[in-house]
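Working notes, structure below.
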Amino acid sequence: MALTKAQRAALREKFGGRCAYCGQPLGDRWHADHIEPIVRNDWYQRAGFSIPQRGPDYPHRDTLENMNPACPPCNIDKHSMSLEDWRVIIARSNEVLTRDVSTFRRALRYGLVQLNTKPVLFYFEQLAQKDPS
Ligand SMILES: [Zn+2]
């Protein structure tokens, strides 16, 4: 759905002008993310397979209530995933970095970076923990 200027301005301030997910301040080019995606997860399409263009799979989810303000990297990374699927992907970051990036493994060996196992909490969840209301 196309948001009015007022709706877009209100959505931008939903979490104090910060990305709902990583908490970084939103720049001028922030995205309105659908919390529950309006298209089916289309990893096969992203992997380069050709699929005919289609409309949203879940048009009833295209509402302001189902939107969060997101920085472009978070919105692009989340893409058509649910929050819980995306959380699993984010939680695997250390495993993937350690497996795939020799510079990261070297930084680990020399103590320049440290792994931790804290759970992935989105910014809006951190806010809710601080101010349960
Ligand atoms: Zn973000």
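At position 77 of the sequence shown (counting the first as 1) the number is 71 in my numbering, and the numbers step up by one without a gap.
The beta carbon of each residue, even a glycine, is placed where N, CA and C say it ideally should be.
None of these values were measured; they are calculated from a predicted model.
#### Entry: Cut-off 8 Å between Cβ atoms - residues of its own chain near Ala101, not counting five sequence neighbours on either side
Val107
### Message
I want to check one thing, is the minimum distance from the CB of Ala64 to the heavy atoms of ligand 1 below 7 Å?
### Response
yes
### Query
Taking the DSSP output, what are the residues bridged to Pro19?
Arg12
### Message
Assuming Ala85 is part of the beta strand (DSSP E), what are its boundary residues?
### Response
It is not in any beta strand (DSSP E) - Ala85 instead sits in the alpha helix (DSSP H) that spans 77 to 85.
### Task
Using the Cα positions of Lys112 and Arg86, report the straight-line distance between them to the nearest angstrom.
12 Å
### Task
Indicate the three-state DSSP secondary structure (helix, strand or coil) for Ala(-4) in the structure shown.
coil
### Query
With a Cβ-Cβ cutoff of 8 Å, do Leu139 and Leu58 count as a contact?
Since the first residue of the chain shown is -5 and the last is 127, residue 139 is not available in this structure.
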